[in-house]
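All letters in the sequence shown, in the order written, are residues 611 to 723 by my numbering. Yeah, the Cβ is synthetic: ideal placement off N, Cα and C, and Gly gets one too. Structure first, then comments.
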Amino acid sequence: AFTIRRHSDMELDIDTKRAALKASPSVVSVVSYKGGKMMFPGSGTIIDCEEVNGTYTSTILTSTTLLGSSPESNTLQDDIKVNVFLVDGKSFTGCVSAYDFHFNIATICITSD
């Protein structure tokens, strides 16, 4: 799910590299499917994680482009499935919890133990 491009970070200053390293565990890969066919690959950022009785629920901020609807329709398609891939290679089925096509943002929730 993630591609490492070592040559592209050679010109970055040390502060930028530190910031990227600090943020990287929160960056995820997200892929949407409709009818079993891949629609859009993208990325997201984990913005919240709550633990209740050993179960973790994470909220991911991403783009509504992933959901395949136009800003004019402002409705979520019924049969969209979203898979979320963490940097450690684990994958989860995501649930669209909120979206705003006008601002092109969406939140996806995943649950793990």
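Residue range of the unbroken alpha helix (DSSP H) whose run includes residue i
i: K627; result: 624 to 633
Same chain, Cβ closer than 7 angstroms to residue i, five either side skipped, listed in chain order
i: L696; result: V638
i: L686; result: L677, S679, V706, Y709
i: G645; result: D689
Contact belief for residue i with residue j at Cβ below 8 angstroms, rounded distance in angstroms
i: I720; j: S673; result: The pair is not a contact, with the Cβ atoms about 17 angstroms apart (cut-off 8 angstroms).
Limits of the unbroken beta strand (DSSP E) element including residue i
i: K691; result: 690 to 695
i: F702; result: 701 to 710
i: G654; result: 647 to 662
i: L671; result: 665 to 672
i: T721; result: 715 to 722
i: S639; result: 637 to 644
6 angstroms CB neighbourhood of residue i in its chain, flanking five on each side removed
i: V694; result: V638, V640, F702, G704, I720
Separation of residue j from residue i, as counted between CA atoms
i: T675; j: F650; result: 8 angstroms
i: N684; j: I657; result: 24 angstroms
i: G652; j: D723; result: 24 angstroms
i: S634; j: R628; result: 10 angstroms
i: M648; j: S642; result: 6 angstroms
i: T558; j: T717; result: Summary: the structure shown does not reach residue 558, with the chain confined to residues 611 through 723, and so no result is reported for it.
i: G664; j: S636; result: 20 angstroms
i: K632; j: E621; result: 18 angstroms
Contacts around residue i, its chain only, beta-carbon distance under 8 angstroms, and the 5 residues preceding and following it disregarded
i: I715; result: L671, T672, S673, T674, Y709
i: Y666; result: C659, E660, T721, S722, D723
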